[in-house]
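> Mind looking over this structure? Questions follow.
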Ligand SMILES: [Zn+2]
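Numbering (the UniProt record's numbering), first residue to last: 1 to 274.
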């Protein structure tokens, strides 16, 4: 199964905010999203990264404008989701499935570009989004204006999937395609309902751990940041156990990939030849 990740945008953050004992210098973070080619489900997106819908669209509400002004992400034109799909000869209508790992803006920004896609996401977290008012959702980092109006009708919740155990060092998870190829593993801490994706069948098993941390170094060198990173976490107490699970996975030969880590990985799209 072909697995590709692209970088939708760059965001800068002071290292000390995302790495314990880090410096004041700023780190240029990626904002990845994935594209996998599943033998039965076809091309499947993993989130959408940032797109203009979250960052430059004139129709954005006041809070989304403020969010963009504070974080100042810079869109990476060549690796935006539409041009990347074109590179593979695909249009948005060819994408039948988008896996939505959690509901933060840099993961759901482009959902409205896809009119016929089903969404695989945490239905429990979606129920909580619906139960909250707009202001409460903002406190959870959720901008509901980025979701298509018929999101729920197209939602295929994790709870409808078979639960499987793939490895001893990773908790079980939802078998997204019923063949054990992609397993959604809970990653509590960062955001309500966040899950990662375990590709257990690869020569070197891969766990896409999304936003469990910003930097891989925080895992490999045991340097997960404290305050104020814990302040913006959904469940600060869960971050350390989740990070410890990822460390165990690394220690037994697994590969962990994060959404924002700046270092290129073997799954990142090669720059297009000029
Ligand atoms: Zn996030």
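Glycine included, C-beta positions come from ideal geometry on N, C-alpha and C.
Report yes or no: is there a C-beta of chain B within less than 9 Å of the C-beta of residue 218?
No chain B is present in this structure, which holds just one protein chain.
> Secondary structure at residue 155, three-state DSSP: helix, strand or coil?
Within the chain shown, the letter at position 155 stands for residue 155. In the structure shown, residue 155 sits in a strand (DSSP, three-state: E or B).
> Count the other C-beta atoms from every protein chain shown that fall within 10 angstroms of the C-beta of residue 261, then say buried if there are 16 or more, exposed otherwise.
Taking the chain shown and counting its residues from 1, one reaches residue 261 at position 261. Result: buried.
> Are the beta-carbon atoms belonging to residue 164 and residue 103 less than 9 Å from one another?
Residue numbering aside, residue 164 sits at position 164 when the chain shown is read from its first letter. Residue numbering aside, residue 103 sits at position 103 when the chain shown is read from its first letter. Result no, Cβ atoms of residue 164 and residue 103 do not sit closer than 9 Å.
> Report yes if the CB atom of residue 44 is closer than 9 Å to the CB atom of residue 55, and no otherwise.
Along the chain shown, one-based indexing puts residue 44 at 44. Along the chain shown, one-based indexing puts residue 55 at 55. No, the pair does not count as a contact, with Cβ atoms beyond the cut-off.
> Kindly indicate which residue of 268, 207, 251 has the alpha-carbon position closest to the one of residue 221.
Mapped onto the chain shown, residue 221 falls at position 221. Answer by Cα proximity: 251.
> Any heavy atom of ligand 1 within a distance shorter than 8 Å of the CB on residue 106?
Translated into positions along the chain shown, residue 106 becomes position 106. At least one heavy atom of ligand 1 is nearer than 8 Å to the Cβ of residue 106, so yes.
> Hey, residue 30 and residue 12 are a contact pair by Cβ (cut 8 Å); roughly how many whole angstroms apart?
As a working note, residue 30 is residue 30 in the chain shown. As a working note, residue 12 is residue 12 in the chain shown. Not confirmed; about 11 Å, so no contact.
> For residue 150, which option in 9, 119, 198 has the closest C-alpha, if you only look at C-alpha atoms?
Here residue 150 refers to the residue found at position 150 of the chain shown. The candidate whose alpha carbon is nearest that of residue 150 is 119.
> On a Cα-Cα basis, can you pick out the residue from 99, 69, 191, 248 that is closest to residue 42?
Sequence index remark: in the chain shown, residue 42 carries index 42 (1-based). When each option's Cα is compared against that of residue 42, the closest is 99.
> May I ask whether a heavy atom of ligand 1 can be found less than 8 Å away from the beta carbon of residue 211?
Here residue 211 refers to the residue found at position 211 when the chain shown is read from its first residue. Because some heavy atom of ligand 1 lies under 8 Å away, the Cβ of residue 211 counts as near it: yes.
> Would residue 32 be called buried (16 or more neighbouring beta carbons within 10 Å of its own) or exposed?
In the chain shown, residue 32 corresponds to position 32, counting from 1. By the neighbour-count rule (16 or more Cβ atoms within 10 Å), residue 32 is buried.
> Contact check, residue 198 vs residue 188 under 8 Å by CB: the rounded distance?
Position 198 of the chain shown, counted from the start, is the residue given in the question as residue 198. Position 188 of the chain shown, counted from the start, is the residue given in the question as residue 188. So it is not a contact: roughly 15 Å between Cβ atoms.
> Can you tell me whether residue 194 sits near ligand 1, meaning its C-beta is under 8 Å from at least one heavy atom of the ligand?
Stepping through the chain shown from its first residue, residue 194 is reached at position 194. Correct: residue 194 has its Cβ closer than 8 Å to ligand 1.
> Is the Cβ-Cβ distance between residue 140 and residue 259 less than 9 Å?
Numbered from its first residue, the chain shown carries residue 140 at position 140. Numbered from its first residue, the chain shown carries residue 259 at position 259. Not in contact: residue 140 and residue 259 (Cβ atoms no closer than 9 Å).
> Grab the span of the alpha helix (DSSP H) containing residue 216 for me, first residue to last.
Taking the first residue of the chain shown as position 1, residue 216 is located at position 216. Here the alpha helix (DSSP H) through residue 216 covers 216–220.
> Less than 8 Å separating the Cβ of residue 141 from some heavy atom of ligand 1?
As a first step, residue 141 must be located in the chain shown, where it is residue number 141. Yes, the beta carbon of residue 141 sits closer than 8 Å to at least one heavy atom of ligand 1.
> Indicate whether residue 209 and residue 256 have their beta-carbon atoms separated by less than 9 Å.
Here residue 209 corresponds to residue number 209 of the chain shown, with the count starting at 1. Here residue 256 corresponds to residue number 256 of the chain shown, with the count starting at 1. Yes. Within cutoff.
> What would DSSP say about residue 42, mapped onto helix, strand or coil?
One-based indexing of the chain shown puts residue 42 at position 42. Residue 42: strand per DSSP, three-state reduction.
> Count Cβ pairs between the segment 2–11 and the segment 237–244 that sit closer than 8 Å; are there 3 or more?
Verdict: no, contact absent.
> Looking only at its chain, what residues have a beta carbon closer than 7 Å to the beta carbon of residue 128, apart from the 5 residues adjacent to it on each side?
Residue numbering aside, residue 128 sits at position 128 when the chain shown is read from its first letter. Within the same chain, residue 128 has close Cβ partners 192.
> Under three-state DSSP, which class holds residue 183?
Counted from its first residue, the chain shown places residue 183 at position 183. It is a strand residue.
> In angstroms, rounded to a whole number, what distance separates the CA positions of residue 212 and residue 190?
Working through the chain shown from its first residue, we reach residue 212 at position 212. Working through the chain shown from its first residue, we reach residue 190 at position 190. Each residue's Cα considered, the two are about 6 Å apart.
> Near residue 152, which residues of its chain fall below 8 Å by C-beta distance, leaving aside the five closest residues on each side in sequence?
On the chain shown, position 152 is the one that residue 152 refers to. 126, 130, listed in sequence order.
> According to DSSP, simplified to helix, strand and coil, what is residue 175?
By 1-based counting over the chain shown, the position of residue 175 is 175. DSSP places residue 175 in strand when its eight states are reduced to three.
> Using the Cβ count rule (16 or more neighbours within 10 Å means buried), how would you classify residue 47?
Counting from one through the chain shown, the residue named residue 47 turns up at place 47. Buried, since its Cβ has 16 or more Cβ neighbours within 10 Å.
> Classify residue 264 as buried or exposed, calling it buried when 16 or more other Cβ atoms lie within 10 Å of its own Cβ.
In the chain shown, residue 264 corresponds to position 264, counting from 1. The residue is exposed, with fewer than 16 neighbouring Cβ atoms inside 10 Å.
> Should residue 191 be counted as a contact of ligand 1 given a C-beta to heavy atom distance under 8 Å?
The residue given as residue 191 occupies position 191 in the chain shown. Yes.
> Following a CB-centred definition, is residue 102 positioned closer than 8 Å to any heavy atom of ligand 1?
Along the chain shown, read from residue 1 onward, the residue named residue 102 stands at position 102. Indeed, a heavy atom of ligand 1 lies less than 8 Å from the Cβ.
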